[in-house]
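Accompanying notes for the structure given below.
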Amino acid sequence: MRNTTKATSTAPDTALEEPPRAARKAAPKPGPETTPKSGRTRDSATIAAQAPVTPGSGPATPAPLLGPRALNRATLARQLLLDRSSMSAKDALAHLLGLQAQNVKPPYYALAARLDGFGPEELSRLMADREAVRIVTMRSTIHTHTADDCLTLRPLVQPARDRELAYFRKGLVGVDLDRLTTLARDLVEGEDGPRTMKQLREALLAEWPDADPQALGVAARCRLPLVQVTPRGLWGRSGQVALTTAEHWLGRPAEETPAPDATVLRYLAAFGPASVKDMQTWAGLTRLRDAFERLRPRLLTFRDEHGTELFDLPDAPRPDPDTPAPPRFLPEFDNLLLSHSDRTRVVPADLKGRTWTGNQAHCTLLVDGFLAGLWRLADGTLTIESFGRLTKDQRAAVVGEAERMLGVLHPDAAYGIRFGTVVRG
33 MRNTTKATST APDTALEEPP RAARKAAPKP GPETTPKSGR TRDSATIAAQ
83 APVTPGSGPA TPAPLLGPRA LNRATLARQL LLDRSSMSAK DALAHLLGLQ
133 AQNVKPPYYA LAARLDGFGP EELSRLMADR EAVRIVTMRS TIHTHTADDC
183 LTLRPLVQPA RDRELAYFRK GLVGVDLDRL TTLARDLVEG EDGPRTMKQL
233 REALLAEWPD ADPQALGVAA RCRLPLVQVT PRGLWGRSGQ VALTTAEHWL
283 GRPAEETPAP DATVLRYLAA FGPASVKDMQ TWAGLTRLRD AFERLRPRLL
333 TFRDEHGTEL FDLPDAPRPD PDTPAPPRFL PEFDNLLLSH SDRTRVVPAD
383 LKGRTWTGNQ AHCTLLVDGF LAGLWRLADG TLTIESFGRL TKDQRAAVVG
433 EAERMLGVLH PDAAYGIRFG TVVRG
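Residue numbers (our numbering): 33 to 457.
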């Protein structure tokens, strides 16, 4: 049965919805900006490799201003959200430096929003063939990475894992961390591996019975590059989290800890223009200023409306701020909303915090490039909650994008589409 969608205009239950918010202010018109650049988005590795060595701006030359809409359009272009890309899923995964994957489905929804011709079986096949994996990397969160990036980015963020482990030191008194690392590796790579985290904790607790079980599990995860093996993460399949090392699963050793310079260039290609603090937020690392300074002769510099210095690749796309931005349905934890210290390029200041309820993250809707609402797919219905009033044309475009998403990811199911309330107060 082919997917059929029916759009209905169901008003929210006013007795249950939150009090109406003031209409979101339109994004301010940008001030003087650089001459817009447009062009087809290329993968981050290509852009970074071709970045020319050019003199940086002299200290007496004020950096050009990029207003909120200019930053928004540039970031959307890098994120493949302004125009859908014909990239393969593997190339997109590399260009984006991975996709947040706290839950199983978000990477599939993220690629469906960004790629033309994508089907969920494409990413699922990459994972089954061990060309992509699920592993904790940036910000101590699970990401889906290409195998190559798994073996390079995981060593890069090891300092963050060391800091994370330090928070659990009270539960690890008397634990020899080197011995724990060796024992944990033997367990997950042995004949009985991969192991669930529960099995791993129990085995380590037998060695250190006075230690905190949770701290032992965290120590193993922080000291070893543990991947979640399939069928976990495959589309339409279920499976508990079972762990082994990246080296064992992929059949090749991890890279030596790389200098961050190449990753800085790739970050800018996928998330720029950006500040040093933006990248530190994305990576969960500190002290990246030196890398940016080494690269300064190869980069352009701008400033945002607050005067923050922004770096960018000379040939990266910077579209006209008035470039149309179609609606996009993004999954919870999408990196677009999590990878900058200043998120106002996508999240208007008056909507800060609206994408979370307690510890629960919500799926998000972009309209005109900015956060404009939430959505939920449940019980045969796609419910869309808009934070502000949509025009007739915007509403029709949102419904059209919703129908496309459902056709890509759920072609054999029938879903209704309604405008209503996702989060009830």
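We put the CB at the ideal spot given by N, CA and C, even for glycine.
- Where Arg211 is concerned, there is no enclosing beta strand (DSSP E), although the alpha helix (DSSP H) around it starts and stops at 209 to 221.
- Where Glu364 is concerned, there is no enclosing alpha helix (DSSP H), because DSSP gives it neither an H nor an E.
- Annotation: the continuous alpha helix (DSSP H) that includes Arg436 extends over 424 to 441.
- Assignment of Gln134 by DSSP, reduced to helix, strand and coil, places it in the coil class.
- Counting only the Cα atoms, Leu332 lies some 10 Å from Glu341.
- In the DSSP assignment, Gly339 forms no beta bridge with any residue.
- Where Trp240 is concerned, there is no enclosing beta strand (DSSP E), because DSSP gives it neither an H nor an E.
- By DSSP's assignment, Glu417 forms a beta bridge with Leu406.
- Linking Asp347 to Thr276 through their CA atoms gives a straight-line distance of about 40 Å.
- The C-alpha of His177 lies about 14 Å from the C-alpha of Arg171.
- Ala192 has its alpha-carbon roughly 14 Å from the corresponding atom of Ile174.
- Under the 8 Å Cβ criterion, the stretch 359 to 378 counts as touching the stretch 97 to 112, having at least three qualifying pairs.
- For Ala145, the three-state secondary structure derived from DSSP is helix.
- Counting of Cβ neighbours within 10 angstroms places Thr169 among the buried residues, the total reaching 16 or more.
- For the options Trp388, Pro305, Ala274, Glu163, the alpha carbon positioned closest to that of Gly283 is the one of Glu163.
- Within the DSSP bridge table, the entry for Gln392 names Thr389 as partners.
- Minimum Cα-Cα distance from Leu183 among the listed residues Leu232, His280, Leu317 corresponds to His280.
- Closest option to Ala428, judged by alpha-carbon separation, among Pro353, Asn391, Phe451: Phe451.
- Ranked by Cα distance from Arg253, the options Ala302, Leu197, Arg157 are led by Leu197.
- Assignment of His372 by DSSP, reduced to helix, strand and coil, places it in the coil class.
- Leaving aside the five residues that flank Glu154 on each side, the residues in its chain whose CB is nearer than 6 Å to its CB run, in chain order, Ala121.
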